[in-house]
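Residues in the sequence shown are numbered from 681 upward in steps of one, following the working numbering.
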Amino acid sequence: MLVISCGGERLFSKAAKPMPGSITSLVSSLWFRLRQLGVDHGDEREPNLLWNARERQLVCIDFEWAKIADRKQEEERRREQRWEWKRKHTAEMHRAGGGRHRWTTALASRSSLREGGHRRGRYRR
Numbered sequence: 681m682l683v684i685s686c687g688g689e690r691l692f693s694k695a696a697k698p699m700p701g702s703i704t705s706l707v708s709s710l711w712f713r714l715r716q717l718g719v720d721h722g723d724e725r726e727p728n729l730l731w732n733a734r735e736r737q738l739v740c741i742d743f744e745w746a747k748i749a750d751r752k753q754e755e756e757r758r759r760e761q762r763w764e765w766k767r768k769h770t771a772e773m774h775r776a777g778g779g780r781h782r783w784t785t786a787l788a789s790r791s792s793l794r795e796g797g798h799r800r801g802r803y804r805r
């Protein structure tokens, strides 16, 4: 548990100025990061966010309804995200230049060098 005396001012109060213009993206990335860490806040509303002007960062408060996400569900969700990323990345690579990745070809040529060949001739034994 972390207890602090003053985390900041209410997010949209006059005292909370100056704030960055991209506050909406900061708010959404804060909630997203909490979910990534396996925390379901349970009360994702504006009153539960403070702006710390000295540190220039958002502070999330009021974890009364928060829960730790089910580990199995979270692992499955992450596995699906990785699979989706791999599928998307592979499709992009195929569109960009077809079949094999450049690094795969480079690795294949390096492994053939280890099998006995060398750029300047055979290894001396």
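Note that CB positions come from ideal geometry on N, CA and C, so glycine has one too. Values in this document were obtained by computation on a predicted structure and should not be read as measured data.
Judging by CA-CA distance, which residue of the options is the nearest neighbour of residue i?
i, options, result
"Glu-724", "Ile-748, Ile-741 and Pro-700", "Ile-741"
"Thr-704", "Leu-729, Gly-777 and Trp-763", "Leu-729"
"Phe-692", "Glu-735, Pro-727, Thr-770 and Lys-766", "Pro-727"
"Arg-736", "Leu-717, Gln-761 and Val-707", "Val-707"
"Asp-750", "Phe-712, Ser-709 and Val-719", "Val-719"
Say whether chain C places a C-beta atom closer than 8 Å to the C-beta of residue i.
i, result
"Leu-730", "Within the model displayed, chain C is absent; a lone protein chain is all it includes."
Do the CB positions of residue i and residue j come within less than 8 Å of each other?
i, j, result
"Gly-722", "Lys-752", "no"
"Trp-731", "Gly-688", "yes"
Using the three-state DSSP reduction, which class does residue i fall into: helix, strand or coil?
i, result
"Glu-744", "coil"
"Glu-735", "coil"
"Leu-729", "strand"
"Glu-764", "helix"
"Glu-724", "coil"
Classify residue i as buried or exposed, calling it buried when 16 or more other Cβ atoms lie within 10 Å of its own Cβ.
i, result
"Leu-717", "exposed"
Thinking residue i and residue j are a contact (beta carbons under 8 Å), I'd like their distance in whole angstroms, please.
i, j, result
"Leu-710", "Leu-738", "5 Å"
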